[in-house]
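S.K.:
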Amino acid sequence: MLTPPELLGVLAELYPQMNADDLQERLARILFVSTLWGRLHDAYPEAGYQLPEIQRL
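Structure follows, in structure tokens:
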């Protein structure tokens, strides 16, 4: 597992034309999604990688 500074370095290599602010924004979004995915996975372990159907109001 990469630390946030390591991930920023990997992103900098993948996106050399992108400025530092854009890289940090992308990293923040990645961390948000990974945290959310982890919480959903913990809440619904029986679903595996499949999230439960969300009922619409």
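At position 42 of the sequence shown (counting the first as 1) the number is 42 in full-length UniProt numbering, and the numbers step up by one without a gap.
Built from N, CA and C at the ideal position, the CB exists for glycine as well.
Owing to the predicted nature of the structure, the values given are computational and were not obtained by experimental measurement.
#1: Just checking my contact of L27 with L2 at CB under 8 Å: how many whole Å lie between their CB atoms?
#2: Leaving out five residues before and five after L57 in sequence, what residues of the same chain have Cβ atoms less than 7 Å from its Cβ?
#3: When you compare only the Cα positions, how much space is there between L14 and L23?
#4: Under the three-state reduction of DSSP, which class applies to T35: helix, strand or coil?
#5: Can you name, in chain order, every residue of its own chain whose Cβ lies under 7 Å from the Cβ of A12, other than the five neighbours on each side?
M.R.: Reading it off the structure:
#1: To locate residue 27, count along the sequence shown from 1; it is residue 27. To locate residue 2, count along the sequence shown from 1; it is residue 2. At roughly 10 Å, the Cβ-Cβ gap does not stay under 8 Å, so L27 and L2 are not in contact.
#2: For the purposes of this step, residue 57 is taken as residue 57 along the sequence shown, with counting starting at 1. Because L57 sits at a pLDDT of 48, beneath the cut-off of 50, its placement in the model cannot be relied upon, and the following sentence gives the value as read from the coordinates. If we look at L57 and ignore the five residues flanking it on each side, it has no Cβ neighbours.
#3: The residue you call residue 14 lines up with position 14 of the sequence shown. The residue you call residue 23 lines up with position 23 of the sequence shown. So the alpha carbons of these two residues sit roughly 10 Å apart.
#4: Stepping through the sequence shown from its first residue, residue 35 is reached at position 35. In this structure, T35 counts as helix in the three-state DSSP scheme.
#5: As a working mapping, residue 12 is identified with position 12 in the sequence shown. So the qualifying residues of the chain are L23.
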